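What follows is a set of notes on a single structure, which appears directly below.
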Amino acid sequence: MSIFLAVRLTGVLTGGRLPRPWPLALFARFWRIGVAHACLALLLAGAWPSSAVSGAPDAAENAKNHINLAARQRMLSQQMARDACFVMAGIDGDRFAGKAVATVQRFGSTLAALRSGDENLRLLPETDPAVLDALTEVDALWATLGPAVLQIAAHDLHSVPMRQLIELNMTVLTRLEAMMVEVRRVHSGSGEDAADFAVTVSIAGRQRMLSQKMSKDLCLLMLDIDPVSTRAALEESIVLFETSMRDLMTGAPERGILPPPKAQVTRQLGKADKVWQDFLVLLRRSLDTPDQSDIDRVRLANLSNHLLLEMNSAVMRYLE
């Protein structure tokens, strides 16, 4: 870890405050790392979501998309935190900065679409008061977390945005989990089978999030940020992912998880499980030998993204 970053992290962990740069200066930093266009796209997507849905989806399509995209927000919250952490660590910084900016854009536009509807995402506007209240709670936190990630992605490593990232990414995830409960209640349809299907898709979607959260926690461990709690959280995520994968592959009626409804789902879960076993080997190696090379750490992040893609394909097979 560089002396510069160590000083910054000391400020993060001790509550030191440094002033935020003006927006113009922040934009200039994004221009230097070549993501100005992505930043502009973020502003456009966040300010003017496509709320008028033409050729509107039917109720079933709308419900499936609300469940899937609400579940995907959990993953995006951890993916942007992981990418920002790699920027903080100085590992392939420009690449992960660009990824963080793109994820912020995607999270912000999806959050707006879950409320107002979106033609491209095939979503109707949300009308349920409890879901709208849950979205408002996420909005309130996102107003701080989103800019913090952008500031870190601009390689502006002040203590304030780094502390906001460390403190808020899990708070946002907790709020998203609460929102997911309300989304399932509203959009899962009537009957036990419909409710179990919604739970199953939500659990499969949660696997996407865990793939990113585990690599994020490893990055935080690398920076020696709250190592005892972070390691415990990582071990818990490993157990949860493994248990959930077994449940998805065989079914777990006592937890409302259906067995694979068709052969395509079974095959795709098998592919995801193979990547998971490879990823788990790297996770354990990193936990047992913390002093890994930057190349090994990037490889682990890339493999977590491979696992994410395979689990996302599994979710899509459920929804077909």
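Just so we're aligned: 238 in UniProt numbering is position 238 of the sequence shown, and the numbers increase by one with no gaps anywhere.
Idealized CB from N, CA, C, for every residue including glycine.
For clarity, every value in this text was computed on a predicted model and none was experimentally measured.
(request) Write down the C-beta distance between Arg-74 and Glu-177 rounded to the nearest angstrom, noting that I regard them as a contact closer than 8 Å. (result) Residue 74 sits at position 74 when you count from the first residue of the sequence shown. Residue 177 sits at position 177 when you count from the first residue of the sequence shown. 7 Å between Cβ atoms; contact.
(message) Quick check: what's the CA-CA separation for Ser-313 versus Asn-68?
(response) As a first step, residue 313 is located in the sequence shown; it is residue number 313 there, counting from the start. As a first step, residue 68 is located in the sequence shown; it is residue number 68 there, counting from the start. Their Cα atoms are separated by approximately 12 Å.
(request) Could you name the residues of the same chain whose beta carbon sits closer than 6 Å to that of Ala-60, not counting the 5 residues immediately before and after it, in chain order? (result) Taking the sequence shown and counting its residues from 1, one reaches residue 60 at position 60. Hits under 6 Å: none found.
(message) As an exercise, report each continuous alpha helix (DSSP H) stretch of at least 4 residues that is fully enclosed by the UniProt domain "NarX-like N-terminal" (198-293), in chain order.
(response) 227-250 and 263-288
(request) List the DSSP bridge partners of Leu-123. (result) Along the sequence shown, read from residue 1 onward, the residue named residue 123 stands at position 123. Paired residue(s): Asp-118.
(request) Just confirm the distance between the C-beta atoms of Ala-130 and Val-87, as a whole number of angstroms; I'd bet it's less than 8 Å. (result) Translated into the one-based positions of the sequence shown, residue 130 becomes position 130. Translated into the one-based positions of the sequence shown, residue 87 becomes position 87. Not quite, the Cβ-Cβ distance comes to about 36 Å (not below 8 Å), so this is no contact.
(request) Look at the alpha carbon of Asp-58 and the alpha carbon of Glu-320, and state the distance between them as a whole number of angstroms. (result) The count along the sequence shown starts at 1 and reaches residue 58 at position 58. The count along the sequence shown starts at 1 and reaches residue 320 at position 320. So the alpha carbons of these two residues sit roughly 15 Å apart.
(message) Once DSSP output is grouped into helix, strand and coil, what is the label at Ala-195?
(response) Here residue 195 corresponds to residue number 195 of the sequence shown, with the count starting at 1. Looking at Ala-195 - three-state DSSP - the assignment turns out to be helix.
(message) Would Ser-211 and Asn-302 qualify as a contact pair, given that the criterion is a beta-carbon distance under 9 Å?
(response) Taking the first residue of the sequence shown as position 1, residue 211 is located at position 211. Taking the first residue of the sequence shown as position 1, residue 302 is located at position 302. No; because the gap between Cβ atoms is not below 9 Å, this pair is not in contact.
(message) To the nearest angstrom, how far is the alpha carbon of Ala-233 from that of Ala-89?
(response) As a working note, residue 233 is residue 233 in the sequence shown. As a working note, residue 89 is residue 89 in the sequence shown. Computed Cα separation, rounded: 20 Å.
(message) For a test of the three-state rule: what should DSSP assign to Leu-40, helix, strand or coil?
(response) Looking up residue 40 in the sequence shown gives position 40. Note on Leu-40: pLDDT 37, under 50, position unreliable in the model; the coordinate value appears next. Helix.
(request) Take Leu-132 and list the residues in its own chain whose beta-carbon comes closer than 8 Å to its own, dropping the five residues that flank it on each side. (result) Taking the first residue of the sequence shown as 1, we reach residue 132 at position 132. Closer than 8 Å at Cβ, skipping near neighbours: Arg-115 and Glu-126.
(message) Taking the alpha carbon of Cys-219 as the reference point, which residue from Pro-290, Met-316 and Asp-118 has its own alpha carbon closest?
(response) Position 219 of the sequence shown, counted from the first residue, corresponds to residue 219. Considering only alpha carbons, the answer is Pro-290.
(request) May I ask you to report which of helix, strand or coil DSSP gives Gly-306? (result) Working through the sequence shown from its first residue, we reach residue 306 at position 306. According to the sequence shown, residue 306 is His rather than Gly. Correct three-state label for His-306: helix.
(request) Kindly give me the distance between the Cβ atoms of Ile-257 and Ile-295, rounded to whole angstroms, as I take these residues to be in contact under 8 Å. (result) If you number the sequence shown from 1, residue 257 lands on position 257. If you number the sequence shown from 1, residue 295 lands on position 295. Between Ile-295 and Ile-257 the Cβ distance is about 37 Å, and since that is not below 8 Å, they are no contact.
(request) Select from Asp-118, Asn-120 and Asp-139 the residue whose C-alpha is nearest the C-alpha of Val-104. (result) Walking along the sequence shown from the start, residue 104 turns up at place 104. When only C-alpha atoms are compared, the closest one is Asp-139.
(request) Report yes if the CB atom of Ala-71 is closer than 9 Å to the CB atom of Val-201, and no otherwise. (result) Start at 1 with the first residue of the sequence shown, and residue 71 comes out as number 71. Start at 1 with the first residue of the sequence shown, and residue 201 comes out as number 201. Going by C-beta atoms, Ala-71 is nearer than 9 Å to Val-201.
(request) Compute the distance between the beta-carbons of Lys-262 and Arg-208, then report whether it is under 9 Å. (result) As a first step, residue 262 must be located in the sequence shown, where it is residue number 262. As a first step, residue 208 must be located in the sequence shown, where it is residue number 208. No, the Cβ-Cβ distance between Lys-262 and Arg-208 is not below 9 Å.
(request) Throw me the rounded Cβ distance for the Ala-148 and Gln-164 pair, which I believe falls under 8 Å. (result) Stepping through the sequence shown from its first residue, residue 148 is reached at position 148. Stepping through the sequence shown from its first residue, residue 164 is reached at position 164. So it is a contact: roughly 4 Å between Cβ atoms.
(request) Compare the beta carbon distance of Val-281 and Leu-307 with 9 Å and say whether it is the shorter of the two. (result) Numbered from 1 along the sequence shown, position 281 holds the residue referred to as residue 281. Numbered from 1 along the sequence shown, position 307 holds the residue referred to as residue 307. Not in contact: Val-281 and Leu-307 (Cβ atoms no closer than 9 Å).
(message) In whole angstroms, give me the CA-to-CA distance for Leu-76 and Arg-255.
(response) As a working mapping, residue 76 is identified with position 76 in the sequence shown. As a working mapping, residue 255 is identified with position 255 in the sequence shown. Approximately 25 Å, taken between the alpha carbons.
(message) Tell me which residues share the same chain as Gly-270 and place their Cβ nearer than 8 Å to its Cβ, disregarding the 5 neighbours each side in the sequence.
(response) By one-based count along the sequence shown, residue 270 stands at place 270. Here the set comprises Met-249.
(request) Tell whether a beta-carbon distance below 9 Å holds between Leu-124 and Ala-56. (result) One-based indexing of the sequence shown puts residue 124 at position 124. One-based indexing of the sequence shown puts residue 56 at position 56. Cβ distance < 9 Å, so Leu-124 and Ala-56 count as in contact.
(message) If you measure between the beta carbons of Gln-292 and Leu-300, is that distance less than 9 Å?
(response) Position 292 of the sequence shown, counted from the first residue, corresponds to residue 292. Position 300 of the sequence shown, counted from the first residue, corresponds to residue 300. Yes, Cβ-Cβ distance for Gln-292 and Leu-300 is below 9 Å.
(request) Taking only the alpha-carbon atoms, compute the straight-line gap between Lys-99 and Met-170 and give it to the nearest angstrom. (result) Start at 1 with the first residue of the sequence shown, and residue 99 comes out as number 99. Start at 1 with the first residue of the sequence shown, and residue 170 comes out as number 170. Each residue's alpha carbon lies about 19 Å from the other.
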